[in-house]
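Numbered by full-length UniProt numbering, the letters in the sequence shown go through residues 1 to 513 in order.
Ideal Cβ positions, reconstructed from N, Cα and C, are used throughout, including at glycine.
The model shown is predicted, which means the values in this text are computed figures rather than measured ones.
Let me begin by presenting the structure, written as C-alpha cells, before commenting on it.
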Amino acid sequence: MGSPLSKEISNARRQDTLDLSSHSLKEIPSDIKVCKKLETLNVSNNSLTDLPQELLKLTKLTTLNISNNTITSFPSDLPTSITDINASQNRLFCTPISNKISELINLQRLDLSGNQLEDIPEIIAKLRQLKEVNVSDNALKSIPSGIFTLASLEILHAKNNKIRTIGDNISNMRMLKELNLTNNAIVKLPESIGMLPNLTVFLIGSNHLKDIPESVGGLVKLELFDIQENRQLAELPGSVARLRNLRGINVRNTKLETLPSGLKYWTNLVELIMKENTQIEELPQFIGSLVHLKRLDANTCSLKQIPDSIGSLSELIYLDLRRNQLGSYAIPNSIAKLDNLQRIFLSQNSIEFLPDEICNLANLIELDISDNLLVALPDDIGNLTKISRLYMNNNKIEYLPKSIGQLVELEVLEIRSNKLAILTSEVGHMVKLQRLDVSYNLLSDLPDELYMCDALTTLDIRDNPFDNPPMSIIGQGMGAVLKYLEKQSKEKKNKNKSRSRETMKGSRDTINH
Numbered sequence: 001m002g003s004p005l006s007k008e009i010s011n012a013r014r015q016d017t018l019d020l021s022s023h024s025l026k027e028i029p030s031d032i033k034v035c036k037k038l039e040t041l042n043v044s045n046n047s048l049t050d051l052p053q054e055l056l057k058l059t060k061l062t063t064l065n066i067s068n069n070t071i072t073s074f075p076s077d078l079p080t081s082i083t084d085i086n087a088s089q090n091r092l093f094c095t096p097i098s099n100k101i102s103e104l105i106n107l108q109r110l111d112l113s114g115n116q117l118e119d120i121p122e123i124i125a126k127l128r129q130l131k132e133v134n135v136s137d138n139a140l141k142s143i144p145s146g147i148f149t150l151a152s153l154e155i156l157h158a159k160n161n162k163i164r165t166i167g168d169n170i171s172n173m174r175m176l177k178e179l180n181l182t183n184n185a186i187v188k189l190p191e192s193i194g195m196l197p198n199l200t201v202f203l204i205g206s207n208h209l210k211d212i213p214e215s216v217g218g219l220v221k222l223e224l225f226d227i228q229e230n231r232q233l234a235e236l237p238g239s240v241a242r243l244r245n246l247r248g249i250n251v252r253n254t255k256l257e258t259l260p261s262g263l264k265y266w267t268n269l270v271e272l273i274m275k276e277n278t279q280i281e282e283l284p285q286f287i288g289s290l291v292h293l294k295r296l297d298a299n300t301c302s303l304k305q306i307p308d309s310i311g312s313l314s315e316l317i318y319l320d321l322r323r324n325q326l327g328s329y330a331i332p333n334s335i336a337k338l339d340n341l342q343r344i345f346l347s348q349n350s351i352e353f354l355p356d357e358i359c360n361l362a363n364l365i366e367l368d369i370s371d372n373l374l375v376a377l378p379d380d381i382g383n384l385t386k387i388s389r390l391y392m393n394n395n396k397i398e399y400l401p402k403s404i405g406q407l408v409e410l411e412v413l414e415i416r417s418n419k420l421a422i423l424t425s426e427v428g429h430m431v432k433l434q435r436l437d438v439s440y441n442l443l444s445d446l447p448d449e450l451y452m453c454d455a456l457t458t459l460d461i462r463d464n465p466f467d468n469p470p471m472s473i474i475g476q477g478m479g480a481v482l483k484y485l486e487k488q489s490k491e492k493k494n495k496n497k498s499r500s501r502e503t504m505k506g507s508r509d510t511i512n513h
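Spelled out as C-alpha cells, the structure:
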C-alpha cells in the first residue's frame with residue numbers, strides 16, 4: 001500500500017485539479033509527472049525549497065500556486081502552458097530571479113509579493129501576455145523598466161516597497177486599469193501619469209508627494225483615488241475637476257486646507273474620506289452637489305459649522321464628524337432631509353443640545369454624541385425606532401425623556417459619566433437591550449422595570465450613590481440585581497392589589513351602612 005500522498009497523486013491522474021496545500025511537504029514527489037491532465041496545482045503552505053523538473057511533464061498545467069513556502073530560486077523548469085503563478089511569501093531574495101522566466105510566454109498573472117526582492121530582471125519585458133503583476137511587500141527601490149513595456153498589463157500592485165521614482169515610460173501601459181503604489185517613498189509623479197486612459201484605480205497613499213501633476217486630469221476613467229498620508233501635499237490641481245467618474249477619494253492626513261473647488265463636479269462620488277486634516281475648518285457649500293454620496297468621514301478636522309447644503313446628500317448613509325469644533329448651532333436643520341442616514345458620529349465636540357430635526361432620521365441605526373456638553377436629549381428621541389446603538393457618555397445629561405422607551409430595537413445604551421439622577425422606568429420596554437452603562441452618575445435607585453430587559457448581558461452601574469438596590473445586592477452582580485428588581489416589582493403589585501381590594505371593601509361597607 002502506498003502513502004496517503006501517493007494515493008492522492010494517483011487519484012489525480014484523471015483530474016484537472018490537485019490540491020496539496022498545507023500537507024507539510026518538503027518536496028513535491030516525482031510521481032507528480034503521471035498527472036498528465038492536471039491544469040491547476042496548489043502546493044501552497046508547505047515547506048518546499050524548490051520545484052522538481054517533473055513539472056515539465058505537466059503540459060496542460062495553467063495555474064500553479066506555490067505561495068507560503070521557503071523556495072529560494074525561481075523559476076525552475078516549468079511548462080510553457082502556465083498562465084497563472086502565485087509565488088508570494090517565499091524566499092526569492094536569496095537567488096536572483098532566473099532569466100528562465102522569459103520562457104513562460106503564456107503567463108498572464110504573476111504574484112511575487114512578500115519575497116524581499118530588491119530587483120526584477122528586465123527580461124520580464126518578454127512576457128507580452130502579462131495582465132496582472134503583484135510585486136508588493138518587497139524591497140524594490142524602483143519599478144523595473146521592463147514592466148513599463150508590458151502593453152497588455154491591466155493591474156500592477158507594488159505597495160509596501162521602497163520605490164522613490166516612477167519612470168516617464170509608465171505611459172506605455174495604455175491598458176492599465178489598476179495601479180497600487182501605496183506606502184513607498186515616492187516624492188513626485190511624472191507628467192506622463194495622466195496618459196493612462198483606462199486607469200480606474202490609483203492608490204498612491206502613504207508616500208512623500210508634495211504636489212499632484214496637472215496631467216492627472218487626463219485620468220478620465222478614474223473611479224478610486226487614494227492620496228492619503230501624503231503629509232506635505234497642500235493642494236490638488238484644478239484639473240481634478242475633470243475626474244467626473246470618481247466614486248471614492250481619500251485625502252486623509254494631508255496638508256490640504258480646503259477641498260478642491262472641482263469637487264462640485266464629482267457628482268458620482270460615493271465615498272469622501274477627509275479625516276485627520278486639522279487645518280480644514282469648513283465644508284464648502286458646494287458639497288451639496290455630491291448627490292450620490294453615501295459615506296462622509298470628516299473625523300478629526302477643525303470644522304466649526306456644517307453647511308445647510310448637506311441636506312442635499314439624500315443618499316448619505318454614514319456621517320462621521322467626531323473630534324471637530326462643532327458648537328450647538330453647527331448642525332443645520334436640513335439634516336432632517338437625510339432620510340437614508342444610518343450612522344452619525346458627533347462625539348468630542350462642544351454641542352450643548354441636538355436639533356429636534358435629528359429625531360426625523362427614521363433609518364438611524366447608530367448615534368454617538370459622547371464627549372459633548374449636552375444637558376438633555378430632544379423629547380422626540382423615541383422617533384428613532386430603528387436605532388440599535390446609542391452612546392451619550394461624558395456629557396451633563398440629567399434625565400432621559402420618557403419617549404426613549406420607544407427605542408425597542410436598542411441593543412446598546414451608554415450614558416456613562418453624566419449627571420443622571422433618575423433612570424426612567426420606560427427602559428423596561430427595551431426588549432432587545434444587551435448592554436446598559438449608567439456608571440459614574442448620580443443614581444440613587446434603579447427602576448424595577450429594568451428586570452424586563454430579558455436580552456441584557458452587561459449592566460454597568462458602578463460609582464452611583466445607590467440606596468436601591470442596596471450595595472449588598474449590587475456586589476453580587478447583574479443577575480442578583482435583576483432578581484431583586486423583579487421581586488420588588490411583584491411585591492409592589494401585590495401590595496397594590498391588596499390596597500385595591502381593601503378600598504373596594506371599604507366602599508361596600510360604607511354603602512351597606
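Note that the C-beta distance between residue 108 and residue 129 is below 8 Å.
Counting only runs that start and end inside the stretch 27 to 100, the beta strand (DSSP E) elements of at least 3 residues fall at 40 to 42, 63 to 65, 84 to 86. If you look at residue 5, you'll find it isn't in any beta strand (DSSP E); it sits in the alpha helix (DSSP H) that goes 4 to 11.
Annotation for residue 474: the continuous alpha helix (DSSP H) segment containing it runs 471 to 474.
Comparing alpha carbon positions, the residue from 21, 106, 80, 72 closest to residue 94 is 72. If you ignore the 5 residues before and after residue 297, its C-beta comes within less than 6 Å of the C-beta of 273, 275, 320, all in its own chain and listed in chain order. A straight-line Cα-Cα distance of about 8 Å links residue 119 and residue 139.
Annotated three-state conformation of residue 160 is coil, per DSSP.
When C-alpha distances from residue 317 are compared across 221, 144, 294, 12, the shortest belongs to 294. Inclusion of residue 155 and residue 182 in the CB contact set at 8 Å is not warranted, their separation being larger than that value. In the DSSP assignment, the residues bridged to residue 366 are 343, 389. No residue range can be given for residue 405, since it is assigned to no beta strand (DSSP E) and is classified by DSSP as neither H nor E. When beta bridges are read from the DSSP output, residue 318 appears opposite 295, 343.
Residues of the same chain with a CB within less than 8 Å of the CB of residue 458, apart from the 5 flanking positions on each side, are 434, 435, 436, 437, 478 in chain order.
Residue 330 and residue 306 do touch by the CB rule: their CB atoms are close to 6 Å apart, below 8 Å. Residue range 224 to 226 is occupied by the beta strand (DSSP E) that includes residue 225. In this structure, the CA atom of residue 450 is about 14 Å from the CA atom of residue 408. With fewer than 16 other beta carbons inside 10 angstroms of its own, residue 454 counts as exposed. By the C-beta density criterion, residue 348 is buried, having at least 16 other C-beta atoms within 10 angstroms. Assignment of residue 435 by DSSP, reduced to helix, strand and coil, places it in the strand class.
Contact between residue 60 and residue 39 holds, since their C-beta atoms are separated by about 5 Å, short of 8 Å. For residue 254, there is no enclosing beta strand (DSSP E), as DSSP gives it neither H nor E. The stretch 22 to 31 and the stretch 75 to 85 do not touch, with fewer than 3 CB-CB distances between them shorter than 8 Å. In the structure shown, residue 104 falls within a coil segment according to DSSP collapsed to helix, strand and coil.
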